[in-house]
Structures are given as C-alpha cells and as structure tokens.
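A short write-up of the structure that comes next.
Number of protein chains: 2
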Amino acid sequence: MNFKKELDNKVEITNKYLEEFLPQPQGYAKVIYDAMRYSSFAGGKRLRPVLMMSAFEAVGGVGEIIYPFACALEMIHTYSLIHDDLPAMDNDDYRRGKLTNHKVYGEGLAILAGDALLNLAFEIMIKAAKKHKSWEAIDAIDIIASSAGVKGMIGGQVVDLISENKNIDEDILHYIHENKTTAIIQAALKAGAILGQGSNEEIKALERFGYCLGMAFQVQDDILDVISTQEELGKPIKSDERNGKATFVSLKGLESSKEYVKLLSQDAAHQLEIFKEKGQFLSWLSEYLMSRTY
Amino acid sequence: MNFKKELDNKVEITNKYLEEFLPQPQGYAKVIYDAMRYSSFAGGKRLRPVLMMSAFEAVGGVGEIIYPFACALEMIHTYSLIHDDLPAMDNDDYRRGKLTNHKVYGEGLAILAGDALLNLAFEIMIKAAKKHKSWEAIDAIDIIASSAGVKGMIGGQVVDLISENKNIDEDILHYIHENKTTAIIQAALKAGAILGQGSNEEIKALERFGYCLGMAFQVQDDILDVISTQEELGKPIKSDERNGKATFVSLKGLESSKEYVKLLSQDAAHQLEIFKEKGQFLSWLSEYLMSRTY
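So the protein sequences, as listed, match chains A and B.
The first sequence begins at 1 in my numbering and counts up one residue at a time.
The second sequence begins at 1 in my numbering and counts up one residue at a time.
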C-alpha cells in the first residue's frame, strides 16, 4: 500500500465532500457562504477527517455515513480557528500563509461564519443520522458534541485565553492541551470506530490512540513554533512567546518535549497492534505526523 | 384557566431546567460557566421555550422530552444575543437593563460563551434523543438546526449586519425579519408540535402560527424601539436609528406597521381554531405579546 497516496486520496475525498456540504454562495446573505468557504478551503491538512475515516476503516466500517461526519469535524475545527484568530483572542493576521477570516471579511462576519460552521456541522450530522436511521450516528454526534464543548475544546480555549501572560503550572498546560486539541482528535477516532461498528475493545484502543496522537501533535506544535521558520510553517513563528503563552517547550525544555513526543508515539503504536494489517495506515500516519516540520 | 399564571409557571419551569442543564461552574475553565450562566439568567422572557411547550401541549404531547428542547432553544437564543451585542456587531453595552456579556467578561470570553451555549444546545438535544430513543426528537433537532443556521437566524443576522447605514428595500427587510427572529420562533412551534406527536395538519397550523407571531413580534420590536422609553424597554431606545438600521417603521411608517401587526395577529388567531380549547393559552399569549410595551 502506498500510504502517502492513500493520505492524499483521503484529503481529496474530504475536499470533495466539503464542496458538497458547504452551501453554494447565494441570496442576500451570499457573503457568509463566501466567508465559510474561504476558511474551509484555506489549505487545512484535513487531519481530523482523515483520522476519522481511517478509524472507520480500521474496524472494517463500510458505507457513506462516514463522509458527512468527517466534514462536520473539519467544520468544527475550522470554526474554532476562525474564532481563535480574532483580535479578542489570539489576534492572528495570517494562518497557513493566508489572511485570517476577519482580515478578509471583518470581525462581525468572521464571528458569524464561525457560528455558521458550528451550526452546519450539527445540521449535517443530524441529517446523516436521519438518512441512515442509525443510532450509532447519534452516539457519534454525542461524542463529537461533548468533545467540542466546555468540557472539551472550548474549555481548553478558555483556559488558554485566561492563561496568557501568566505563570501556569504543568497541570494547567496539560488541561489546555488535552482539551483544546486532543479532545476533538480523540473524538474523531472514537466516533469513526463507532460509526464503523467496531467492538468495544477496538473503540477503546482507537480512543487511547487518539489521546496519544493528539497530545503528541500538540507538543510537536509547541516544538515547531520554536525551531521552524515562518516559511516552513506558513504562519509567524514564536507566536506563543509573543503572546506570552506557556508551552511544553517553555515549561519543560526542548529535549524533554521531544522525549515526550517519542513516548506518546510509542504508546500510540502499541494501541494499533490489535488491528494488525488494518491498522497499518494509521500507524504510518502517526509516524508521518510526528516527523513533520510544518 | 388563569393564563398569566400559566405563563409564569412555564417561565419558572424553563428556569428550573436551565439551572439543571447549564453545568455548574467548576475547574480551570470555571469563568466560562459563569459567563454562560450570566446571560442565561439575565432576565430573558423565555418566549421560545414557552411557545415550544405550548405547542407541545396544544397537540396533546405528554412527557419530559420537551424540557431539554425548550432549554436548548433558549440557549441558542442567548448565544445569538451575546454575539449580536459584541462591538463588531451591534455594539450594545446593555441588554434588559444589565451589562452585556462582553462588558462583564471581555470580548474573548463572550465569543466563547456564545460558542459554548450553541454547542451545549445540541449536546442536550442529542442526549435527550438518545435517552428517549425518539426519531421525532431527531426531526426536531433537524428543524432547529436548520432554522438557526445560514438559511435561518444566522442568515438574517448577516444581512442585518451588512445592511447597516444602507438604504435597503422592503424585500431585504422582510428577509432579515423572517430569518433573524421569525425562523427560530417558527421552529419552536413546529418542533414542539412534532415532539408532541401532532398530526400533519396540526404541525402545519402551528408552523404558520409561528410565522405570524414571529413577524408580528419583530415589527412590534421596531415599533417599541421608537415609541417606548429606555426605562420601560430596559435598553437604550432608538438604537436602530443610531445604528443606521432600516426598520418596518422607518420604511413603512408607524401606522402602517401597527396595521401589519394587527393583520398578522388575526392570521395567527385563525391558525389556532383547529385546536379549540387546547389552543386557548397560545391564543391568549399571542394577544398578550402584541399588547406589550417592553
């Protein structure tokens, strides 16, 4: 199996379905559709949809139900980035080398575009659950909703926001990373496994895999913010330092952070053993992500 | 039946369930729970939950499933107000005589509190659908999600925002009113009727009743913004004029606006005829709302 080709294929499928699920710009409110599409097609890595599809396949899932869910996850991710970039939050002008949503459409429309993407994500998932008359789909929505809310992603964003320019300890940093990024990645894998009708053992293994991968990915982000160049990263480097944000690197040092990523990667690999050949793509993907430089 | 007492009772029930469904402030992200609760208990009229419960009862609905949905609707309403009040949108410092969310918690947390309320609304509805194993509940979520999104409430907010200080025509004003306020009120009645397992005829009548009531309510709002006092209204009057917003009153004149409210009220009353005695509360409520001065 050519894994890189398989990754590109999954990204392409995500883009195709996103194109379908994002309404065409039209009518008096046309500009909001443009704003939603602008950030949805601004060069995202589609990590969450790819992970979800891969978990679905690892447990032997078949059928179309995974695509609306994969797109919904990407929409939730995109909405969180649009709001996170706002002046009242991280105040970033660029993301992935492109102007952020509010720099193009203004703050008011950027707030509404984020709201609209979150709302649309639930719309799409509910319609898919109805269409397939699937209670697994309802379970999946429940997991995604919980991981995106105050006890997950939003909670992480809140603590991240109120911790700026403060000396925070490792517990709080762990809380931020576990919730701001990892919760949704974990949900991608767990919900994918549930939609694919995996066994309880498989669902648990993929959930733990998601935890390890999500945390490793976040610590890696902290590392890259320090050692990468703006050209490679597509956004200003050392933004964490400028924003007075504590990171794994600032709290634990560069070497210790790299060591932690390695440990998490090993744990992640271990979780995939029960899937044998069906886990190979996730195994490759996890190594691929850990060796990235951008 | 003492209708005013029945209204107070429904408001009280909504408050009781909101108290239950809004998580208790705790943990590192405690402040966001505070912010969510602040706006949720800032004196809202609970119009949407009351309408939803009333539609449920008008079709003979029984059981607990209506309460999480009624609370979810109120959370969606509250999130939209928090975001609408932000400096990038309407820039209001007061609502219902109290400081707006961002004036108390800052813009970043206000954005996140709004996001969190929208997300929580879906969480609560999905959990209720799971608990009751009810496909009517899935239908209701679908209706609410659609009416809250770009083809409903958010679309209305967008056109409202981009129309500031512009000469807009009646078609655009209709679009704004139909979508910004009416869509959700209509959804409250339709979803309530579906959750109560009403007949198709009953669902249709309540949907139309919701349209008439929502539009009348909005035009009434425009009227009150001109003829009421700040003390009565609990917020600055003539804010539409200050914000350069076209209203029914500015486009059609005060008398013609009052006449339109009357016509809509008559149509609304007509829709309730099939419910006979079970429609009496909605009938009284609609008249009560149309005669309000705040």
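Just so you know, even glycine gets a beta-carbon here, dropped at the ideal spot from N, CA and C.
With a 10 Å radius around the Cβ and a threshold of 16 neighbouring Cβ atoms, K245/A comes out buried.
Three or more pairs of CB atoms, one per stretch, sit closer than 8 Å, so the stretch 173-182 of chain B contacts the stretch 153-162 of chain B. The alpha-carbon of D85/B is positioned some 46 Å away from that of E255/A.
Any Cβ of chain A closer than 7 Å to the Cβ of E136/B would place that residue at the interface, and such an atom is absent. Contact check for Y175/B against V219/B fails: the beta carbons are separated by 7 Å or more. If you draw a straight line from the Cα of I203/B to the Cα of W284/B, it comes to about 19 Å.
Between E123/A and chain B, the shortest Cβ-Cβ separation is below 7 Å.
In summary, no residue of the stretch 52-70 of chain B has a CB separated from any CB of chain A by less than 7 Å. Taking a C-beta distance under 7 Å as the contact criterion, I82/A and A113/A qualify as a contact pair.
With fewer than 16 other Cβ atoms from the protein chains shown falling within 10 Å of its own Cβ, H270/A counts as exposed. Shown in chain order are the members of the stretch 129-154 of chain B whose Cβ falls below 7 Å from a Cβ of chain A: A129, K130, I138, I141, D142, A145, S146, A148, G149, V150 and I154. The CB of L120/B comes closer than 8 Å to the CB of G149 and V150 in chain A, given here in chain order. Rounded to the nearest whole angstrom, the C-alpha separation of M290/A and E207/A is 18 Å. Collapsing the DSSP output to three states places L99/B in a strand.
Look at Y17/A here: in three-state DSSP terms it is helix.
Judged by beta-carbon spacing, Y33/B lies within the 7 Å limit of P23/B, meaning their Cβ atoms are closer than that value. Interface flag for L112/B against chain A is set, since a Cβ pair is found closer than 7 Å. The straight-line gap separating the alpha-carbon atoms of D169/B and S257/B is approximately 15 Å.
From the beta-carbon of L161/B, the residues of chain A found nearer than 8 Å are G108, L109 and L112. Measuring C-alpha to C-alpha distances from V11/A to each of G149/A, D267/A, M52/A and I185/A identifies M52/A as the nearest. In the DSSP secondary-structure assignment, Y94/A is bridged to L99/A. When Cβ pairs closer than 8 Å are counted between the two stretches, the stretch 63-76 of chain B is seen to touch the stretch 184-198 of chain B, the count reaching three or more. Within the stretch 161-231 of chain A, the runs of alpha helix (DSSP H) that reach at least 4 residues and sit entirely inside it are, in chain order, 170-177, 183-195 and 200-227. Contact of A191/A with chain B is not assigned, every C-beta pair being separated by 7 Å or more.
Within the same chain, Cβ atoms closer than 6 Å to the Cβ of F56/A are found at I66, G192, L195 and G196, the five residues on either side in sequence being excluded.
In terms of CA proximity to M36/A, S80/A leads the group A187/A, K5/A and S80/A. When the beta-carbon positions are compared, G210/A and I227/A stay at least 7 Å from each other.
Residue contact with chain A for D92/B: absent (no Cβ-Cβ distance below 7 Å to any residue of chain A). In terms of Cβ geometry, A58/B and F275/B form a close pair [threshold 7 Å]. Check the Cα spacing between D171/B and each of I141/B, F217/B, L213/B and L251/B: the tightest is with L251/B.
Residue-level contact check: V226/A does not touch chain B, since none of the beta carbons of chain B fall below 7 Å from its beta carbon.
In this structure, L264/A sits near C212/A, with a CB-CB distance shorter than 7 Å. Chain-ordered, the chain A residues with CB closer than 9 Å to the CB of M89/B read E107, G108, I111 and L112. Counting only Cβ-Cβ distances below 7 Å, H174/A has no contacts in chain B at all, with the closest Cβ about 10 Å away. The alpha-carbon of A188/B is positioned some 13 Å away from that of L282/B. For R292/B, the closest alpha carbon among the candidates A216/B, F248/B, K278/B and E123/B is that of A216/B.
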